[in-house]
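With numbering that gives the first Met the number 0, letter number 185 in the sequence shown gets 184, and the count goes up by one each step, no holes. Working notes, structure below.
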Amino acid sequence: MKRMIYRRELLSNVKSLVIWSAVLGGLVLMMMSVYPSFAEDAQTAEEMLNVFPEPLAKVFGMDTLNLGTYTGFYGVEVHLVNTLVGSVYAALLAAGMLAKEENDHTAEFLLSKPVTRIEVTGQKLAAVLTNLFMLNAVIAAVSFACTGFADEAVELDILAWYLLATFLLHVTVASVSFLLSAVMRRTRSIVSLALGIVFLSYALHIMAGLSDRFDFLRHVSLFSFTDAAAIVENGGLDAPCAAVMVLVSLLCALGAIGYYHNKDIAG
Numbered sequence: 000m001k002r003m004i005y006r007r008e009l010l011s012n013v014k015s016l017v018i019w020s021a022v023l024g025g026l027v028l029m030m031m032s033v034y035p036s037f038a039e040d041a042q043t044a045e046e047m048l049n050v051f052p053e054p055l056a057k058v059f060g061m062d063t064l065n066l067g068t069y070t071g072f073y074g075v076e077v078h079l080v081n082t083l084v085g086s087v088y089a090a091l092l093a094a095g096m097l098a099k100e101e102n103d104h105t106a107e108f109l110l111s112k113p114v115t116r117i118e119v120t121g122q123k124l125a126a127v128l129t130n131l132f133m134l135n136a137v138i139a140a141v142s143f144a145c146t147g148f149a150d151e152a153v154e155l156d157i158l159a160w161y162l163l164a165t166f167l168l169h170v171t172v173a174s175v176s177f178l179l180s181a182v183m184r185r186t187r188s189i190v191s192l193a194l195g196i197v198f199l200s201y202a203l204h205i206m207a208g209l210s211d212r213f214d215f216l217r218h219v220s221l222f223s224f225t226d227a228a229a230i231v232e233n234g235g236l237d238a239p240c241a242a243v244m245v246l247v248s249l250l251c252a253l254g255a256i257g258y259y260h261n262k263d264i265a266g
């Protein structure tokens with residue numbers, strides 16, 4: 000019984016994990032396969048980028064990142080896809096993890112087993128983290144494999160920071176969604192709210208880059224915390240941003256466990 004719930008959640012989510020991993024891994028491979036063309040004619044690529052309005056170039060880091068390098072191209076073309084699409088998966092995965100037991104009327108049966116509510120939430124949270132780790136392992140494997148497209152020496156440390164930032168973002172989004180799943184009852188409402196938080200955070204990141212007047216929005220957008228241009232400029236993930244994501248993740252996880260422990264469960 001100790002790991003029954005954990006194994007059940009892994010098995011029930013294996014199909015979606017394979018699909019999302021294939022999609023994200025395929026996108027990384029497809030986009031990075033274009034990199035050699037940009038690297039061979041960096042000047043033409045730079046001229047193409049000059050067509051973009053300055054605010055738009057700033058939003059996507061084109062004013063800082065060099066498309067003629069592997070990490071620069073990855074930061075502009077791939078990193079945002081990994082963070083945004085992966086966050087959607089994280090939200091969908093965690094949003095219904097607890098609430099579905101009430102929606103499917105299986106909560107009473109589950110809690111009748113010799114397992115505590117803390118064990119239930121702990122095993123479900125472990126399943127979420129395991130799925131996210133495996134998704135990010137696929138992203139990392141494909142990203143490092145694609146360095147074979149580069150003729151120059153790739154800054155592997157910057158690439159590793161991109162991947163760590165992506166994983167931290169996914170965990171943070173999942174933790175917030177997991178808390179919503181503990182507090183709310185309707186899975187559909189939780190999913191809508193969780194996805195709303197993801198897209199709102201992304202919209203705030205875009206607004207912060209479009210105008211200096213909205214620069215303060217960087218402090219409340221998770222996507223600004225993991226911005227590729229900032230990672231390159233700082234030589235790594237900003238420590239305060241990483242600390243905030245870790246803290247939010249821990250607080251949401253503990254909040255979900257604590258709330259569900261005392262929640263009036265509708266069987």
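Where a beta carbon is used, it is the ideal one built from N, C-alpha and C, also for glycine.
Please state the DSSP three-state secondary structure of N135. Three-state DSSP puts N135 in a helix.
As assigned by DSSP and simplified to three states, the class of M30: M30: helix per DSSP, three-state reduction.
Please state the DSSP three-state secondary structure of E154. coil
Output needed for V197: all residues of its chain with C-beta closer than 7 angstroms, excluding positions within five of it in sequence on either side, in chain order. So the qualifying residues of the chain are S86, V87, A90, V172.
Beta-carbon separation (whole angstroms), L158 vs T70, contact threshold 8 angstroms: Confirmed, about 6 angstroms.
Is R116 buried or exposed, if buried means 16 or more other CB atoms sit within 10 Å of its CB? buried
Give me the Cβ distance between I138 and G24, rounded to the nearest whole Å; I'm assuming they're in contact under 8 angstroms. 7 angstroms
Report buried or exposed for H218, applying the criterion of at least 16 other Cβ atoms within 10 angstroms of its Cβ. Around the beta-carbon of H218, fewer than 16 other beta-carbon atoms lie within 10 Å, marking it exposed.
For A93, the nearest candidate out of H169, L163, D156 (CA to CA): H169
Determine the direct distance from the alpha carbon of A228 to that of F166, and round the result to whole angstroms. About 17 angstroms.
Would the beta-carbon of G121 fall within 8 angstroms of that of I256? yes
Could you check which residue in V33, V141, L163, M3 has the C-alpha nearest to that of L236? L163
Starting from V77, trace the alpha helix (DSSP H) in both directions and tell me its first and last residue. No alpha helix (DSSP H) holds V77; DSSP gives it neither H nor E.
State the DSSP-derived secondary structure class of N233, mapped to helix, strand or coil. helix
Contact defined as beta carbons within less than 8 angstroms: I believe K99 pairs with E8. What is the distance between those atoms, to the nearest angstrom? Rounded, the Cβ-Cβ distance is 10 angstroms, inconsistent with contact.
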